[in-house]
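Peer 1: What follows is a single structure, and I will ask about it in a moment.
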Amino acid sequence: MTSPLVLLHGLTFDRRHWDPLRRELAVVDPDRDVLALDLPGHGDAPRRASYRMDEVTELLHSQITAAARTEPPTLVGHSVGGIIATVYAARYPTHAVVNLDQFLLPGPFGSLVREAEPQLRGPGWRAVWDRMLAGMGIDSLDGEARHLADTATDPRPDLLLGYWAEILQGTDEQVRADREADLRRIAARGISYRWVTAAPPPAPYVDWLTAALPTIAITVLPGSHLPHLERPAELARLLKEGRTERAAGVDLLPGGESTLMA
-8 MTSPLVLLHG LTFDRRHWDP LRRELAVVDP DRDVLALDLP GHGDAPRRAS YRMDEVTELL
52 HSQITAAART EPPTLVGHSV GGIIATVYAA RYPTHAVVNL DQFLLPGPFG SLVREAEPQL
112 RGPGWRAVWD RMLAGMGIDS LDGEARHLAD TATDPRPDLL LGYWAEILQG TDEQVRADRE
172 ADLRRIAARG ISYRWVTAAP PPAPYVDWLT AALPTIAITV LPGSHLPHLE RPAELARLLK
232 EGRTERAAGV DLLPGGESTL MA
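Structure, rendered in structure tokens:
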């Protein structure tokens, strides 16, 4: 049987973000089983007092198994969904991970979040989130993609504080150690991992990734932070190609975007 796709959206968004990609998959990969989930506290999923990573992944595992998926899934995670997919794969049966435009280390983003914590805990939280949105390239989208980016979302301070708790309550060193351990577990279990990034990544970060997960595939798909909305056709073809277990190496995606095997 083919590995089912489980789609995990980004922070404050919901499963409607996957509608354009699901339509493209229905054309290029019609037999593929696709499950789009609302992350805890998002969309139709109940709110929670805590959004700790271990709790979130446990809830998602319950949903995936309850949906009678007998084959290990391929997890496609956008933004924070990419971190969740990584943590999930290190703990539960998984066929593959596709991380859409998410760094696994806090870096400068972590510093911004920590500096903004007082605002996040007060009436200024929305200004913090609006600054984050301004860096996602949403203004470059149009049509349905722009509509979904603007409407399939419900930002709230409890979500921001909850899903960023790992950054706010921990150190960069601890997050780095945790993610490195996750990647090493993924490598040991033979789970394939692809990172789709909107820009060529910094060499030191690639060195860190490949030291923990030597077989990681890094695909540069230029555009905004929302490739599933901006370029769903290319992404659908990439996900379909993943079914063929292509050999590691340098490849080209449709449209000529370079794919690097680190």
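Residues in the sequence shown are numbered consecutively from -8, following our numbering. C-beta: ideal position from N, C-alpha, C; glycine also. Predicted model, so just to flag it, every value in this text is computed and none were measured.
#1: Check whether the region 215 to 226 and the region 116 to 133 touch, using three or more Cβ-Cβ pairs below 8 Å as the test.
#2: Going by DSSP in three states, PRO114 sits in which element: helix, strand or coil?
#3: Hey, how far is the Cα of VAL88 from the Cα of LEU150?
#4: Could you work out which residue in GLY34, ARG175, GLY161 and LEU220 is closest to ARG105 when comparing CA atoms only?
#5: Using three-state DSSP, classify SER(-6) as helix, strand or coil.
#6: For ARG112 and PRO146, I'd like the C-alpha separation in whole angstroms.
#7: Could you give the first and the last residue of the continuous beta strand (DSSP E) run that contains ILE55?
#8: Does the separation of the CB atoms of GLY73 and ASN90 fall below 7 Å?
#9: Please classify HIS86 as buried or exposed, where buried requires at least 16 other C-beta atoms within 10 Å of its C-beta.
#10: Run the CB neighbour count on VAL164, radius 10 Å, all protein chains shown included, and call it buried at 16 or more, exposed below.
#11: For VAL119 and PRO148, what's the separation of their Cα atoms in angstroms?
#12: Assuming VAL(-3) and PRO64 form a contact by the criterion Cβ under 8 Å, report the distance between their Cβ atoms to the nearest whole angstrom.
#13: Are the region 75 to 86 and the region 2 to 17 touching, with three or more C-beta to C-beta distances below 8 Å?
#14: Where does LEU244 sit, in a helix, a strand or coil, going by DSSP?
#15: Leaving out five residues on either side along the sequence, give the residues of the same chain with a beta carbon under 7 Å from the beta carbon of LEU220.
#16: Give me the Cα-Cα distance between GLY153 and TYR42, rounded to the nearest whole angstrom.
#17: Runs of 4 residues minimum, wholly inside the region 195 to 222: which ones carry the alpha helix (DSSP H) assignment?
#18: In this structure, how does DSSP classify SER70 when only helix, strand and coil are distinguished?
#19: Would you give the residue range spanned by the beta strand (DSSP E) that ALA172 belongs to?
#20: Among residues of its own chain, excluding the 5 on either side of ALA224, which ones have a beta-carbon nearer than 7 Å to its beta-carbon?
#21: Should THR3 go down as buried or exposed, given a rule of 16 or more other Cβ atoms within 10 Å for buried?
#22: If you reduce the DSSP assignment to three classes, tell me which class TYR184 lands in.
#23: Can you give the Cα-Cα distance for TRP186 and PRO31, rounded to whole angstroms?
#24: May I have the straight-line CA-CA distance separating TYR79 from VAL211, to the nearest angstrom?
Peer 2: To lay it out plainly:
#1: yes
#2: coil
#3: 24 Å
#4: GLY161
#5: coil
#6: 14 Å
#7: Looking at the DSSP string, ILE55 is not in any beta strand (DSSP E); the run it does join, the alpha helix (DSSP H), is 44 to 57.
#8: yes
#9: buried
#10: A small correction: the amino acid at residue 164 is Glu; Val does not occupy that position in the sequence shown. Counting Cβ neighbours within 10 Å, GLU164 comes out exposed, since fewer than 16 surround it.
#11: 10 Å
#12: 4 Å
#13: no
#14: Unreliable positioning characterises LEU244 in this predicted model, as indicated by a pLDDT of 42, which lies under 50. The coordinate reading is nonetheless provided below. Coil.
#15: HIS8, PRO11, LEU132, ALA136, LEU139 and ALA140
#16: 5 Å
#17: 218 to 221
#18: coil
#19: No beta strand (DSSP E) contains ALA172, which is instead part of the alpha helix (DSSP H) from 163 to 179.
#20: GLU15
#21: buried
#22: strand
#23: 23 Å
#24: 24 Å
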